[in-house]
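Worksheet: one structure, shown below.
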Amino acid sequence: MFTPHPETCSTSPPHSLEMNQRGTTVVGSQPAPPGVTPNFEHPQDVFYTINLVVQILCIAVTTPCVFLRLYIRAKIVGTFGIEDWCCSIAWVFATYFFASGIALGEEGGGYHDWEITKSGFMRFKKTLYFDIVLHPLTTFFVKATLLLIFVRVFSPMTKVVRGIYCFLTIMLLYYTAQTFSKIWVCTPLGAFWNPAIRKSCINTSLVFRIDNIFSVLTDLLILILPIPLMWSLHMTRRKKIGIGMLLGAGGLATSCSAARLIITSIQDIPDATLGATQFKMLAVAELAIALACACVPSFNVLYSRLSEKSKAKRSAYTCSTKMSTFGSSSKGSRVVKGKLVATYMEDGTIRQSSLEHILKNPTNNNVEYGYSVQVFSDNGADSSDPGITSPMEAWMHGPEDQKTIWVTRKTDLV
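Counting in the working numbering, the sequence shown runs from 7 upward without gaps.
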């Protein structure tokens with residue numbers, strides 16, 4: 007139960023009527039609590055502002071995340087898989103779902119229902135109907151994006167992939183049933199928002215409670231699934247820690263769905279406009295966090311690309327070796343420093359990078375590398391040996407057993 011705000015309390019008898027400026031009686035959608043005078047012109051802002059901020063914040067966070075992920079996958083990685091198409095669809099549904107939250111607030115969401123007129127409450131219920139139909143579709147595509155990413159990452163594990171596809175099938179069947187049950191929530195349909203129509207409606211409280219339980223279970227499974235599996239992959243400790251932190255952020259989505267379940271189980275909210283808005287904010291937070299978590303791993307590719315370009319300008323793998331003197335010299339033996347630079351072809355462009363960097367950071371494709379050697383005299387002056395081939399010549403004509411390195415594809419969470 008929500009306690010009335012002190013400013014709205016009065017000693018007048020309870021009523022849900024108010025005279026507007028034209029002298030016309032305005033009827034509220036619900037009777038006001040005892041001692042409370044409804045204000046239809048300036049209703050008390052309980053959740054309206056908070057809801058508006060939450061919806062805008064979710065749009066502002068998910069939109070750049072999704073677009074950046076799609077750009078990285080299409081332009082940098084060069085592959086656009088089924089999980090990317092699923093992510094695109096999820097973003098479209100999620101954006102509509104967030105926007106419907108703003109519309110819900112404009113129709114009375116976040117205010118007490120006794121400070122909403124009957125006509126205003128009908129508009130609120132119409133917006134709410136669109137919202138509850140959109141929710142299962144949005145949830146499915148967001149969670150399916152995460153699961154399809156797992157399919158690609160754990161593709162060598164056949165049994166795991168089969169299990170994920172089974173889980174996806176169960177989710178598809180469940181959310182399809184949920185969508186149709188919410189489309190035909192009442193017969194006739196207009197009875198959902200018009201109390202004057204004789205109606206036959208399903209038990210919406212039971213449907214929403216089942217929906218919340220299923221959301222918690224699926225969120226927990228998606229959260230826990232990668233933890234034991236990622237340790238079997240050949241990843242650096244730093245990358246595993248990063249994935250662990252990402253899963254921790256995904257735990258916030260689980261917390262939101264759990265909070266909705268707890269509220270429906272232990273809290274009685276007779277105030278429909280406040281209760282629906284409270285549930286809406288938790289639902290959008292859950293979906294926004296999950297969608298962002300599906301996008302963040304791909305940012306590692308962009309970071310690696312920018313880091314590689316920066317390091318290629320500043321670093322090279324330099325080795326020192328004792329070599330015999332070149333011809334007769336009174337100086338005896340001297341140190342010759344070899345600067346090993348990998349030359350490779352990418353997207354029709356010849357690029358260079360240090361061998362050390364390439365060996366530690368394999369690319370996504372099989373790339374053929376060569377190297378060139380620059381010889382330095384012991385006094386520090388560069389005495390490039392004219393007998394040494396150029397980087398391009400080494401890459402094109404170097405012996406396979408000495409000057410070619412093959413770097414195999416390495417699976418990454420992108």
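Quick reminder that beta carbons are idealized off the backbone N, C-alpha and C, glycines included.
Predicted model, so just to flag it, every value in this text is computed and none were measured.
Which of helix, strand or coil does DSSP assign to valine 191?
Coil, per DSSP.
Is threonine 101 helix, strand or coil by DSSP?
Three-state result, threonine 101: helix.
Can you tell me which of Leu267, His141, Ser206 and Phe160 puts its alpha carbon nearest to the alpha carbon of tyrosine 180?
It is His141 whose Cα lies nearest to the Cα of tyrosine 180.
Tell me whether threonine 123 sits in a helix, a strand or coil according to DSSP, three-state version.
Of the three classes helix, strand and coil, the one that applies to threonine 123 here is strand, per DSSP.
Taking the continuous alpha helix (DSSP H) assigned at tyrosine 77, which residues delimit it?
That run of the alpha helix (DSSP H) goes 54-77.
How many Å lie between leucine 280 and isoleucine 189 at the Cα?
If I take the Cα positions, the gap works out to 23 Å.
With distances taken Cα to Cα, identify the nearest neighbour of phenylalanine 173 among Ser187, Pro162, Val159 and Leu152.
Of Ser187, Pro162, Val159 and Leu152, the residue nearest in Cα terms is Leu152.
According to the neighbour-count rule (16 or more other Cβ atoms, all chains shown, within 10 Å of its Cβ), is glutamate 47 buried or exposed?
Glutamate 47 is exposed by the Cβ-count criterion.
Please say whether serine 310 and serine 263 have beta carbons closer to each other than 8 Å?
No, the Cβ-Cβ distance between serine 263 and serine 310 is not below 8 Å.
What's the call for phenylalanine 98, buried or exposed, on a 16-neighbour Cβ count within 10 Å?
Correcting the residue type first, residue 98 is valine in the shown sequence and not phenylalanine. It is exposed - the Cβ of valine 98 has fewer than 16 other Cβ atoms within 10 Å.
Touch check for the region 107-117 and the region 155-173: three-plus C-beta pairs under 8 Å?
These segments do not touch.
Considering only the alpha carbon of each residue, which of Val42, Glu89 and Ser106 lies closest to isoleucine 62?
For isoleucine 62, the nearest C-alpha among the options comes from Ser106.
So the candidates are Pro49, Val159, Phe127 and Val148; which of them puts its Cα closest to the Cα of methionine 421?
Residue coverage of the chain in this structure runs from 7 to 420, which leaves residue 421 outside it and unanswerable.
When DSSP builds the beta bridges, which residues end up paired with serine 211?
In DSSP, serine 211 forms no bridge with anything.
When we look at the beta-carbon of alanine 489 and count the other beta-carbons within 10 Å, is it buried (16 or more) or exposed?
Residue 489 falls outside the range modelled here, since the chain spans only 7 to 420, and no answer is possible.
Alpha carbon to alpha carbon, how far is alanine 300 from threonine 69?
Computed Cα separation, rounded: 12 Å.
When you compare only the Cα positions, how much space is there between alanine 283 and aspartate 277?
Here residue 283 turns out to be threonine, not alanine, going by the sequence shown. The alpha-carbon atoms of threonine 283 and aspartate 277 are separated by roughly 10 Å.
Measure the C-alpha to C-alpha separation of leucine 154 and threonine 55 and round it to an integer number of angstroms.
Cα-Cα distance, rounded: 36 Å.
Leaving out five residues on either side along the sequence, give the residues of the same chain with a beta carbon under 7 Å from the beta carbon of valine 67.
Same-chain partners within the cutoff: Ala294 and Ala298.
So, helix, strand or coil for serine 94, using DSSP?
Looking at serine 94 - three-state DSSP - the assignment turns out to be helix.
Assuming leucine 110 contacts leucine 134 under a Cβ cut-off of 8 Å, what Cβ separation, rounded to an integer in Å, is found between them?
Their Cβ separation, rounded to whole angstroms, is 6 Å, which keeps leucine 110 and leucine 134 in contact under 8 Å.
Bridge partners of valine 307, per DSSP?
In DSSP, valine 307 forms no bridge with anything.
Going by other Cβ atoms of all chains shown within 10 Å of its Cβ, with 16 needed for buried, is asparagine 57 buried or exposed?
Per the 10 Å Cβ criterion, buried.
Is glycine 84 buried or exposed, if buried means 16 or more other CB atoms sit within 10 Å of its CB?
Glycine 84 is exposed by the Cβ-count criterion.
With a CB to CB cut of under 8 Å and the five nearest residues on each side skipped, what residues in its chain are close to phenylalanine 92?
Note on residue identity: the sequence assigns cysteine, not phenylalanine, to residue 92. Once the five neighbours on either side are set aside, the close Cβ partners of cysteine 92 are Phe147, Ala150, Thr151 and Leu154.
Look at the Cβ atom of alanine 296, then the Cβ atom of arginine 266, and state whether they are nearer than 8 Å.
Against a cut-off of 8 Å, the Cβ pair of arginine 266 and alanine 296 comes out as no contact.
If we ignore side chains and look at the alpha-carbon of each, how far apart do isoleucine 269 and threonine 193 end up?
Approximately 28 Å, taken between the alpha carbons.
Measure the alpha-carbon distance for isoleucine 95 versus proline 40 and round it to whole angstroms.
About 48 Å.
Tell me whether the beta-carbon of leucine 231 lies closer than 8 Å to the beta-carbon of phenylalanine 305.
It is not a contact, given that the beta carbons lie outside the stated cut-off.
CA-CA distance, arginine 233 and leucine 226?
Contrary to the premise, residue 233 reads as isoleucine rather than arginine in this sequence. Near 12 Å, if we compare the C-alpha coordinates of leucine 226 and isoleucine 233.
Does the Cβ-Cβ distance between serine 187 and valine 213 come in under 8 Å?
Result yes, Cβ atoms of serine 187 and valine 213 sit closer than 8 Å.
Please classify tryptophan 401 as buried or exposed, where buried requires at least 16 neighbouring CB atoms within 10 angstroms.
Note that tryptophan 401 scores 44 on pLDDT, short of 50, meaning its location in the model is unreliable and no value can be drawn from it.
Quick one: grab the DSSP three-state call for serine 206.
Residue state, collapsed to three classes: strand.
Between which residues of its own chain and isoleucine 208 is the CB-CB distance below 7 Å, once the five residues before and five after are set aside?
Counting only Cβ-Cβ distances below 7 Å, and skipping sequence neighbours, we find Ser187 and Val191.
Counting C-beta neighbours from all protein chains within 10 Å, is the total for serine 35 16 or more, i.e. buried, or is it exposed?
Serine 35 is buried by the Cβ-count criterion.
Ordered along the chain, which non-local residues of its own chain (more than five positions away) have a Cβ less than 6 Å from that of serine 206?
Hits under 6 Å: Thr193.
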